[in-house]
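Residue numbers (full-length UniProt numbering): 1 to 97.
Cβ coordinates follow ideal geometry from the N, Cα and C atoms, glycine included.
Bear in mind that the values here come from a model prediction, so they are computed numbers and not experimental data.
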Amino acid sequence: MVDVEIYTKKVCPYCTSAKRLLDKKGVRYAEVDVEDDDAKRLWLVEVTGQRTVPQIFAAGKPLGGFSDIDALDKAGRLDPILRGEASPPVLPGSKPA
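Quick look at the structure:
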């Protein structure tokens with residue numbers, strides 16, 4: 001499995017759903033709370049082009065939010081990304097890695 005990070009806020013149902021999906025898959029992840037971290041939230045916008053949380057990264061590359069990883073999972077594309085066998089799709093507005 002590749003390293004996975006999830007950027008969250010305290011009260012966020014989509015964050016909870018994303019963590020639940022990753023937990024169901026047995027994925028270990030580092031959670032980063034950006035609730036009170038303006039600099040980290042600004043960095044997320046610069047890197048992902050998104051202002052919302054959660055923002056999930058696999059091997060340092062942005063996967064998007066919950067709806068993005070849920071769609072990848074339903075299409076059968078999430079597991080290969082998490083195993084490092086496939087590259088994540090390039091998200092609109094994100095900076096290339």
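Starting from residue i, follow the beta strand (DSSP E) in both directions and report where the run begins and ends.
{"i": "Glu31", "result": "Ala30 to Asp33"}
{"i": "Lys27", "result": "Just to set this straight, residue 27 is Val in the shown sequence, not Lys. Careful: Val27 lies outside any beta strand (DSSP E) and carries neither H nor E."}
With burial defined as no fewer than 16 other Cβ atoms inside 10 Å of the residue's Cβ, what is the status of residue i: buried or exposed?
{"i": "residue 107", "result": "This structure cannot speak to residue 107, because the chain is shown only from 1 to 97."}
{"i": "Ala58", "result": "buried"}
{"i": "Leu42", "result": "exposed"}
Between the options, which has its C-alpha nearest residue i's C-alpha?
{"i": "Gly26", "options": "Gly60, Gln55 and Asp3", "result": "Asp3"}
Check whether the Cβ atoms of residue i and residue j sit closer than 8 Å, and answer yes or no.
{"i": "Gly60", "j": "Thr52", "result": "no"}
{"i": "Glu46", "j": "Lys9", "result": "no"}
{"i": "Pro62", "j": "Ser17", "result": "no"}
{"i": "Leu21", "j": "Asp73", "result": "yes"}
{"i": "Ile6", "j": "Glu31", "result": "yes"}
Exercise for the section: Let me know the alpha helix (DSSP H) ranges lying completely inside the region 47–92, each 4 residues or longer, listed in chain order. Expected result: 66–74 and 78–82
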